[in-house]
Amino acid sequence: MALLEVTDLNVHYGGIHALRGVNFSVAQGEVVTLIGANGAGKTTTLRAISGLIKPSKGTVTFGGKVISGLPAHEIVALGMAHAPEGRGIFANLSVEENLEMGAFLRRDHAAVAQDKEKALALFPRIKERLAQNAGTLSGGEQQMLAIARALLSRPKLLLLDEPSLGLAPQVVALIFKIIRTIAADGTTILLVEQNAFGALKVANTGHVLEVGQLVASGPAAQLATDDKIRKAYLGVH
Amino acid sequence: MTIFLQTFVNALALGSLYGLIALGYTLVYGVLRFINFAHSDIFMIGAWISFTFTGWLGWSTGAPAYALPVILVLAMGFCALLAVAIEQIAYKPLRKAPRLNVLITAIGVSLFLQNTGVLKQVFGTQPQRMPSLVNDHVMFTLAGVGVQFVDVLVVLLAGALMLLLQWMVFRTRLGRAMRAVSFDERTASLMGINVNQVISITFGIGSALAAAAGLLYALKYGSLKQSADATWVLLGLKAFVAAVIGGIGNVRGAVAGGVLIGFLEMYGAAYLSPHLKDVYVFVVLIGVLLVKPSGLFGKAVVEKV
């Protein structure tokens, strides 16, 4: 059975029907990406999964347990980490405090210290800046910190919301490389991206979201060669 | 010189009380971005409930040495629980409502507490004298100024509570959760923080500090006006000004603002005119708001996109 199962997910914002019956699943160890244009409902899908918003209809099952309707902090405890849109860095805390915030619910301090070292090994630039106020980091560093922080909860499933947004091309390449490393380490990832090209390269499976509905799904490599998708999302004419 | 020193002692004691009350405004503002206008009433209840407990325990005419810590703990505990109950009943249902609705609700809660207090089954309409739980003789004389034990007590206890809070906010897991909630509730919940619980605890802590201020106020000044009397609101309002001058949401700023207000009021009264003692504070408030609206210790928030 899949680690994450999303069935007939519907979300309303007031009168706006933002998600209209989205179905997909994420298997253990897989990298799944949701691609689509601005406003397609990608962030909404992640928020409905991690409990930041309540779906109006449909269910989300995580590790065999129905989690739709649970508050976000209880879903974190089940082993899901969500690095949110806009990175969600606490600019009033130090870099190190931000990082440790990811392990807020963990009591196994020795293992947390190990995971911290491991996460910092992935992001040497963060390691140099631990004592700094997190608000002083550059956008790319903030994104690295957000991912490192999410890893500190030792998640079974990592949700990444547009990690490449607003970053310089070299930094984007670095972020995708790190996502691949994290996946190779056995963490299951659900990646939301506008950068369809990069996302489809790191993912096993891809789904295309258009105005609240999935319009195409398949192996990432296959989507990347699909003419329609190449035209619409990869900027190839 | 004697007047100067005497005023110094009084100003420090009053300023410590303002600081303690200001911390409650600033803590709640920090996590909820809302001014809890019922906070001055929690301070009032802290003073009155201390008086009530003292009577119940039979310490009105002579108290044992342990009376003070017992009353302190009881008053702080009572006000913390009361505030958590108020938060659950009155504010929590409005978590997603516009700020103005919550603000008006707070004014309603304030009126409710003031007028419930006047009932004869509660505190009654008569002013009361707080029995002195501690030795109120002059403790030592400094350059001709007699310093009473209660003055020392007010400053030391208030100072200790402020340091404790400071430690809690910056050195503990709970404090870190409070700072995270203060900055970004949504992301805090993604870290596994139970935001509602942190908000409740914050209300409780701020109100416990107000209760301690209430007890210390009662011990220092002795007379307790009825619960709907304007003195309580005025004291609370000046503590609120202290929080704003220090930079609302800033823990150190609230303490500094409180002490500053205490000094302004007392030195203004001693050297300029005692009739205008409530005016100085507000004049300085206007000045600070004109020059540095974020408060003396407040930082203009810089956000990186």
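Residue numbers (this note's numbering), protein chains in the order written: chain A, 1 to 237; chain B, 1001 to 1305. Think of the CB as a built atom: it goes at the ideal place given N, C-alpha and C, for glycine as much as any other residue. Predicted model, so just to flag it, every value in this text is computed and none were measured.
**Prompt:** Quick one: what's got a C-beta closer than 7 Å to residue 57 of chain A's C-beta in the same chain, skipping five residues either side?
**Reply:** Taking the first sequence and counting its residues from 1, one reaches residue 57 of chain A at position 57. These residues qualify, in order along the chain: 8 and 10.
**Request:** Below 7 Å between beta carbons is the criterion; list the residues of the region 28-56 of chain A that meet it against any residue of chain B, in chain order.
**Result:** 50 and 52
**Item:** Supposed contact pair residue 1211 of chain B and residue 1046 of chain B - C-beta distance, whole angstroms, cut 8 Å
**Value:** Within the second sequence, numbered from 1, the residue matching residue 1046 of chain B stands at position 46. Within the second sequence, numbered from 1, the residue matching residue 1211 of chain B stands at position 211. That pair is a contact at about 3 Å.
**Request:** Note down the Cα distance separating residue 1304 of chain B from residue 183 of chain A, rounded to an integer number of angstroms.
**Result:** Within the second sequence, residue 1304 of chain B is the residue found at index 304, counting from 1. Within the first sequence, residue 183 of chain A is the residue found at index 183, counting from 1. Unreliable placement is indicated for residue 1304 of chain B, whose pLDDT of 39 sits below 50; the coordinate value is still reported in the next sentence. For residue 1304 of chain B and residue 183 of chain A, the distance between alpha carbons rounds to 29 Å.
**Item:** Proximity below 8 Å, CB of residue 19 of chain A to CB of residue 62 of chain A
**Value:** Position 19 of the first sequence holds residue 19 of chain A. Position 62 of the first sequence holds residue 62 of chain A. No. Outside cutoff.
**Request:** Check residue 133 of chain A in the structure and name its three-state DSSP category.
**Result:** Counting from 1 along the first sequence, the entry for residue 133 of chain A is found at position 133. In the structure shown, residue 133 of chain A sits in a strand (DSSP, three-state: E or B).
**Prompt:** Which chain B residues sit within Cβ distance under 9 Å of residue 76 of chain A?
**Reply:** Walking along the first sequence from the start, residue 76 of chain A turns up at place 76. Simply 1189, 1190, 1191, 1192 and 1193.
**Item:** Boundaries of the beta strand (DSSP E) in which residue 12 of chain A is found, first to last residue
**Value:** Locating residue 12 of chain A in the first sequence gives position 12, where the first residue counts as 1. It spans 4-13 - the beta strand (DSSP E) in which residue 12 of chain A sits, taken as one unbroken run.
**Request:** Whole angstroms is fine: what's the gap from residue 1054 of chain B's alpha carbon to residue 1122 of chain B's?
**Result:** On the second sequence, residue 1054 of chain B is found 54 positions in, with the first residue counted as 1. On the second sequence, residue 1122 of chain B is found 122 positions in, with the first residue counted as 1. Taking the straight line from one Cα to the other gives about 15 Å.
**Message:** What would DSSP say about residue 68 of chain A, mapped onto helix, strand or coil?
**Reply:** Counting from 1 along the first sequence, the entry for residue 68 of chain A is found at position 68. Coil, per DSSP.
**For residue 20 of chain A, the residue or residues it bridges with in DSSP** = Against the first sequence, residue 20 of chain A aligns to sequence position 20. Answer is A:10.
**Prompt:** Going along the chain, which residues of the region 106-135 of chain A sit with their C-beta nearer than 7 Å to a C-beta in chain B?
**Reply:** 135
**Prompt:** How long is the line joining the alpha carbons of residue 1302 of chain B and residue 226 of chain A, rounded to whole angstroms?
**Reply:** Here residue 1302 of chain B refers to the residue found at position 302 when the second sequence is read from its first residue. Here residue 226 of chain A refers to the residue found at position 226 when the first sequence is read from its first residue. Note on residue 1302 of chain B: pLDDT 45, under 50, position unreliable in the model; no value is reported.
**Asked** Whose CA, out of B:1142, B:1036 and B:1295, lies closest to the CA of residue 1091 of chain B?
**Response** As a first step, residue 1091 of chain B is located in the second sequence; it is residue number 91 there, counting from the start. Taking only the C-alpha atoms, the option nearest residue 1091 of chain B is B:1036.
**Prompt:** Would DSSP call residue 73 of chain A helix, strand or coil?
**Reply:** Within the first sequence, numbered from 1, the residue matching residue 73 of chain A stands at position 73. Helix at residue 73 of chain A.
**Item:** Proximity to residue 163 of chain A [Cα-Cα], best of A:129, A:190, A:65 and A:80
**Value:** Walking along the first sequence from the start, residue 163 of chain A turns up at place 163. The candidate whose alpha carbon is nearest that of residue 163 of chain A is A:190.
**Request:** Look up residue 1140 of chain B in the DSSP assignment and say whether it is helix, strand or coil.
**Result:** Here residue 1140 of chain B corresponds to residue number 140 of the second sequence, with the count starting at 1. Strand at residue 1140 of chain B.
**Asked** Under 7 Å Cβ-Cβ, which residues of chain B neighbour residue 97 of chain A?
**Response** Taking the first residue of the first sequence as 1, we reach residue 97 of chain A at position 97. The answer, in chain order, is 1176.
**Item:** Helix, strand or coil at residue 52 of chain A [DSSP, three-state]
**Value:** Your numbering for residue 52 of chain A matches position 52 in the first sequence. In the structure shown, residue 52 of chain A sits in coil (DSSP, three-state: anything other than H, G, I, E or B).
**Item:** Near-chain A residues of the region 1024-1050 of chain B - C-beta to any C-beta below 7 Å
**Value:** none
**Message:** Using beta carbons (cut-off 8 Å, strictly below), is residue 93 of chain A in contact with chain B?
**Reply:** Locating residue 93 of chain A in the first sequence gives position 93, counting from the first residue. Yes - at least one Cβ of chain B is within 8 Å of the one on residue 93 of chain A.
**Bridge partner(s) assigned by DSSP for residue 206 of chain A** = Taking the first residue of the first sequence as position 1, residue 206 of chain A is located at position 206. Answer is A:33 and A:218.
**Prompt:** Could you give the distance in angstroms between the alpha-carbon of residue 1002 of chain B and the alpha-carbon of residue 1271 of chain B?
**Reply:** Indexing the second sequence from 1 puts residue 1002 of chain B at position 2. Indexing the second sequence from 1 puts residue 1271 of chain B at position 271. Rounded to whole angstroms, residue 1002 of chain B to residue 1271 of chain B spans 13 Å at the Cα level.
**Request:** Starting from the C-beta of residue 1074 of chain B, find all residues in its chain whose C-beta is less than 6 Å away, skip the five residues before and the five after it, and write them out in chain order.
**Result:** Your numbering for residue 1074 of chain B matches position 74 in the second sequence. Taken in chain order, the residues that qualify are 1053.
**Prompt:** Among A:89, A:211 and A:33, which residue has its Cα nearest to the Cα of residue 1187 of chain B?
**Reply:** The count along the second sequence starts at 1 and reaches residue 1187 of chain B at position 187. Nearest option by C-alpha distance: A:89.
**Request:** Could I get the ranges of all uninterrupted alpha helix (DSSP H) runs contained in the region 1046-1117 of chain B, with 4 residues as the minimum, in chain order?
**Result:** 1067-1086
**Request:** Answer with yes or no whether the minimum CB distance from residue 88 of chain A to chain B is below 8 Å.
**Result:** Here the question's residue 88 of chain A lines up with position 88 in the first sequence. Chain B contact via Cβ: present.
**Prompt:** Which term fits residue 1162 of chain B, buried or exposed, when burial requires 16 or more other beta carbons within 10 angstroms of its beta carbon?
**Reply:** One-based indexing of the second sequence puts residue 1162 of chain B at position 162. Label assigned to residue 1162 of chain B: buried.
**Item:** residue 155 of chain A beta carbon less than 8 Å from that of residue 80 of chain A
**Value:** Position 80 of the first sequence, counted from the start, is the residue given in the question as residue 80 of chain A. Position 155 of the first sequence, counted from the start, is the residue given in the question as residue 155 of chain A. Result yes, Cβ atoms of residue 80 of chain A and residue 155 of chain A sit closer than 8 Å.
**Request:** With a floor of 4 residues, list each alpha helix (DSSP H) that falls wholly inside the region 72-147 of chain A, ordered by position along the chain.
**Result:** 72-77, 95-101, 109-122 and 124-127
**Asked** Just the Cα atoms here: how many angstroms apart are residue 1167 of chain B and residue 128 of chain A?
**Response** Residue mapping note: residue 1167 of chain B aligns to position 167 of the second sequence, counting from 1. Residue mapping note: residue 128 of chain A aligns to position 128 of the first sequence, counting from 1. Answer to the nearest angstrom: the Cα atoms are 27 Å apart.
**Asked** Which bits of chain A does residue 1095 of chain B rub up against, with CB to CB less than 8 Å?
**Response** Counting from 1 along the second sequence, the entry for residue 1095 of chain B is found at position 95. Ordered by position in chain A, no residue passes the 8 Å Cβ test against residue 1095 of chain B, which lies about 12 Å from the chain.
**Message:** Could you tell me the alpha carbon to alpha carbon distance between residue 1008 of chain B and residue 105 of chain A, rounded to whole angstroms?
**Reply:** As a working mapping, residue 1008 of chain B is identified with position 8 in the second sequence. As a working mapping, residue 105 of chain A is identified with position 105 in the first sequence. If I take the Cα positions, the gap works out to 47 Å.
**Message:** Can you tell me whether residue 1033 of chain B is helix, strand or coil according to DSSP?
**Reply:** For this step, residue 1033 of chain B is matched to residue 33 along the second sequence. Residue 1033 of chain B: coil per DSSP, three-state reduction.
**Prompt:** Can you find a C-beta in chain A that's less than 8 Å from the C-beta of residue 1099 of chain B?
**Reply:** Along the second sequence, one-based indexing puts residue 1099 of chain B at 99. It does not: the Cβ of residue 1099 of chain B has no partner Cβ on chain A nearer than 8 Å.
**Message:** Using only the alpha-carbon positions, how far apart do residue 1194 of chain B and residue 73 of chain A sit?
**Reply:** Taking the second sequence and counting its residues from 1, the one referred to as residue 1194 of chain B is at position 194. Taking the first sequence and counting its residues from 1, the one referred to as residue 73 of chain A is at position 73. Cα to Cα, residue 1194 of chain B sits roughly 6 Å from residue 73 of chain A.
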